[in-house]
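Chemist: In the working numbering, the protein residues as written are 1161 to 1513. Glycine residues also receive a C-beta, built at the ideal position from the N, C-alpha and C atoms. Only a predicted model underlies this, so the values are computations on that prediction, with no experimental measurement involved. I'd like to ask some things about the structure below.
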Ligand SMILES: [Zn+2]
């Protein structure tokens, strides 16, 4: 996607379906979008049985030619693999059916192969299920690559409610991170005249605040909880589409999470790390970090290094190195914080003990 398109072009999903038994609607969505006959499904080992096969059957019933590709990792090699299959079968569109990796791979492969892409999440653990960015590993580094937004998002709440609750709680962390992402964006706007969108920022903050206020309604195995989280992830995705950037949903707290991925031997889930990052960065912003911590705690997302299974020393190291992750993205971390300051923020917020 070229520079003009990424900055001035609002690309939004056309159809968004959230509810029970939505997998059964996939063929209707394809007809609505007038997609062609050849469909390539990218799915995971487990998610193939949970949803991939069902989606394939639905499409085959309407006379479509379907191929299923089981994808193991979200790597650049895998994206190229999928593009090769797409070329061979002359696919008209791609479907990513899974918790995250399959969606990232299908999204980028579809963008590069220049065909539409449908996002069918089996879990709601991060905003990549809606956004126009794909998280891809290349040469051992995970980077977020610009891609096209999904043409449609089909979120079956019954399927997602059966996924491990840890994933849904992590999704909440990714949404709550909008709080500090927006503060960082405002700061960058004031200090460096970075392009800022009031509409996008307002939507991103509102989405996080609604979730914080409803923290006690997020419960395991409840379709109503899934619905709330998916709708919030869709709103975050829309905020990013309006901005033409990930700014409204990704600031210093995301840089902290990316730093942990590099440093910690066993990183936690993206949304879990971003949630804890939001507590830490909200402290640095001088905001109400206790409100963030309490909401995450009520939801059942981790609020300490121990709960994430990460040693304290890696938290401190990540804090000191976070600003190096995306140097062009100005945040509250500025040119970095000292090891002493990192210790104060991590201890005061109770992230380390
Ligand atoms: Zn995120």
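1. Nearest CA to the CA of residue 1424: which residue from 1466, 1397, 1471, 1243?
2. Apart from the five residues on each side of it in sequence, which residues of its chain come closer than 6 Å, Cβ to Cβ, to residue 1460?
3. What residue ranges within the stretch 1220-1260 form continuous alpha helix (DSSP H) runs of no fewer than 4 residues, ordered along the chain?
4. Does at least one heavy atom of ligand 1 sit under 7 Å from the Cβ of residue 1418?
5. Given this structure, state the Cα-to-Cα distance separating residue 1256 from residue 1203, to the nearest angstrom.
6. Check residue 1202 in the structure and name its three-state DSSP category.
7. What residues in its chain sit with their C-beta under 6 Å from that of residue 1343, if we drop five residues either side in the sequence?
8. Using only the alpha-carbon positions, how far apart do residue 1422 and residue 1211 sit?
9. Sort 1414, 1501, 1380 by Cα distance to residue 1303 and report the nearest one.
10. Counting only the same chain and skipping the five closest in sequence on each side, list residues whose C-beta sits under 7 Å from that of residue 1336.
11. Would you identify the three-state DSSP class for residue 1310, choosing helix, strand or coil?
12. Please report the distance separating the alpha-carbon of residue 1299 from that of residue 1487.
13. Judging by CA-CA distance, which residue of 1351, 1376, 1224 is the nearest neighbour of residue 1195?
14. For residue 1278, list the residues DSSP reports as bridge partners.
15. Which residues in the same chain as residue 1173 place their Cβ atom closer than 7 Å to its Cβ, once the five residues preceding and following it in sequence are excluded?
16. Quick one: measure Cβ to Cβ for residue 1416 and residue 1351, integer angstroms, because I've assumed they're closer than 8 Å.
17. Can the beta-carbon of residue 1389 be found closer than 8 Å to that of residue 1332?
18. Helix, strand or coil: which one does DSSP assign to residue 1176?
19. Flag this pair as touching only if the stretch 1181-1189 and the stretch 1216-1233 have three or more C-beta atom pairs under 8 Å; answer yes or no.
20. When you compare the CB positions of residue 1409 and residue 1341, do they come within less than 8 Å of one another, or not?
21. So, at 7 Å on beta carbons, what are the nonlocal neighbours of residue 1263 in its own chain, with the 5 sequence-adjacent residues on each side left out?
22. Can you confirm whether the stretch 1377-1391 touches the stretch 1241-1260 when touching is taken to mean that 3 or more C-beta pairs between the two stretches lie within less than 8 Å?
23. Once the 5 residues before and after residue 1484 are set aside, which same chain residues still bring their CB inside 8 Å of it?
24. According to DSSP, what are the bridge partners of residue 1296?
25. Could you spell out where the alpha helix (DSSP H) holding residue 1410 opens and where it closes?
26. Anyone know if the C-beta pair for residue 1169 and residue 1397 falls short of 8 Å?
27. What residue range is occupied by the uninterrupted alpha helix (DSSP H) comprising residue 1353?
28. So which of 1442, 1379, 1254, 1427 has the shortest CA-CA distance to residue 1323?
29. Quick one: grab the DSSP three-state call for residue 1262.
30. Would a C-beta distance cut-off of 8 Å place residue 1469 and residue 1428 closer than the cut-off?
31. Mark residue 1191 as exposed unless 16 or more other C-beta atoms lie within 10 angstroms of its C-beta, in which case mark it buried.
32. Could you check if residue 1434 belongs to the surroundings of ligand 1, using beta carbon to heavy atom distance under 7 Å?
33. What is the C-beta distance between residue 1431 and residue 1334, in whole angstroms, given that I count them as a contact (C-beta under 8 Å)?
34. Determine the closest residue to residue 1305 out of 1321, 1269, 1354, with distance taken between C-alpha atoms.
35. Evaluate residue 1276 with the Cβ neighbour count: other Cβ atoms within 10 Å of its Cβ, from every protein chain shown; 16 or more gives buried, anything less gives exposed.
Modeler: Result, derived from the coordinates:
1. 1471
2. 1329
3. 1236-1249
4. no
5. 6 Å
6. strand
7. 1445
8. 32 Å
9. 1414
10. 1368, 1371, 1372, 1435, 1438, 1452, 1455, 1456
11. coil
12. 20 Å
13. 1224
14. 1255, 1312
15. 1290, 1309, 1310, 1311, 1312, 1313
16. Actually they are not in contact, since the Cβ atoms of residue 1416 and residue 1351 sit about 20 Å apart, beyond 8 Å.
17. yes
18. strand
19. yes
20. yes
21. 1256, 1279, 1281, 1288, 1289
22. no
23. 1419, 1496
24. 1303
25. Neither: residue 1410 is in no alpha helix (DSSP H) and is coded neither H nor E.
26. no
27. Here residue 1353 belongs to no alpha helix (DSSP H), and DSSP marks it neither H nor E.
28. 1379
29. helix
30. yes
31. exposed
32. yes
33. 4 Å
34. 1269
35. buried
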